[in-house]
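Residue numbers (our numbering): 671 to 759.
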């Protein structure tokens, strides 16, 4: 079982430089679109992901499909923090 993080530890971790993984439900019945993403985060704020408006990722998010995200330290392939959510434009 992975170790638990306090809220302060989680916010400090998420504010660091990590590659995230974004997964957004597909509208056409295929598996979810799952891709690595760079993100920014300020403790107490929201996670921001940059992408072009015409990408499949952006269209899925704008359609408000269910989404989830994870990130891991560069030394591990196992997610350390996950955050299921509803995608918001």
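For glycine and all other residues, C-beta sits at the position ideal for the given N, C-alpha and C.
When beta bridges are read from the DSSP output, residue 731 appears opposite no residue. According to the DSSP secondary-structure assignment, residue 738 is paired through a beta bridge with 693. Taking a C-beta distance under 8 angstroms as the contact criterion, residue 737 and residue 693 qualify as a contact pair. From the listed residues 729, 724, 718, the smallest Cα separation to residue 691 is found for 718.
In summary, residue 730 is buried, with 16 or more beta-carbon neighbours lying within 10 Å of its beta-carbon over all protein chains present. For the set 710, 684, 711, 703, the Cα lying nearest the Cα of residue 725 is the one of 703.
Contact annotation: residue 681 and residue 714 have beta-carbon atoms nearer than 8 angstroms.
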